[in-house]
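Peer 1: A single structure is presented below for examination.
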Amino acid sequence: MKNAIFIALISMFVAGCVGFNDSPEARLVHNASLMKVRIQDELNQQDEYLGYDVRVNFKLNDKAEVTEFSVLKTSGLRSFDNAVEKAVKNSSPFEILLSLSPQEFEQFKDINLTVDLE
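All residue numbers for the sequence shown refer to this note's numbering, where the first residue is -10 and numbers rise by one.
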């Protein structure tokens, strides 16, 4: 939970920076941070998951819904990997992405993301 709050604060900071520097890179980082926070919020905050991380890939359709999911690098704890998969799917659709331009949204259709609960 602390990690999700920390990332949310960083996201707000980045959002403030985006207002001053509305670059595509800044928007990309901001939206990726929001997606990660949303996924982390879906996870059961169990102490057994602290310190683990899993690298995942998921694909989105034009409605920002998850259509495919795979683990790129396991955490070594199958229950955490499964919880992350469930959290990614439960976080879908990622409505925040629908306000992006088609070119920006295209960058989010195939996502590699590391999820942790440190």
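C-beta: ideal position from N, C-alpha, C; glycine also.
(1) Under 8 angstroms by Cβ, that's how I've got Val60 and Val77 pegged, so tell me the actual separation to the nearest angstrom.
(2) Grab me the residues of Thr63's own chain with a C-beta within less than 8 angstroms of its C-beta, minus the 5 sequence neighbours each way, in chain order.
(3) May I have the straight-line CA-CA distance separating Val3 from Asp51, to the nearest angstrom?
(4) Please state if the CB of Ile85 and the CB of Asn20 are separated by a distance shorter than 8 angstroms.
(5) I'd like the ranges of any beta strand (DSSP E) spanning at least 3 consecutive residues and lying wholly in the region 21 to 74.
(6) Here's the rule: buried if 16 or more other CB atoms are within 10 angstroms of the residue's CB, otherwise exposed. What is Leu87?
(7) What does the alpha-carbon distance come out to for the pair Asp36 and Ile28?
(8) Look at the alpha carbon of Glu74 and the alpha carbon of Leu102, and state the distance between them as a whole number of angstroms.
Peer 2: According to the structure shown:
(1) Not a contact, Cβ separation roughly 10 angstroms.
(2) Val43 and Asp70
(3) For Val3, the pLDDT reaches just 46, beneath the cut-off of 50, and the residue's location in the model is therefore unreliable, although a value from the coordinates is still provided. Taking the straight line from one Cα to the other gives about 25 angstroms.
(4) yes
(5) 42 to 49 and 55 to 62
(6) exposed
(7) 17 angstroms
(8) 12 angstroms
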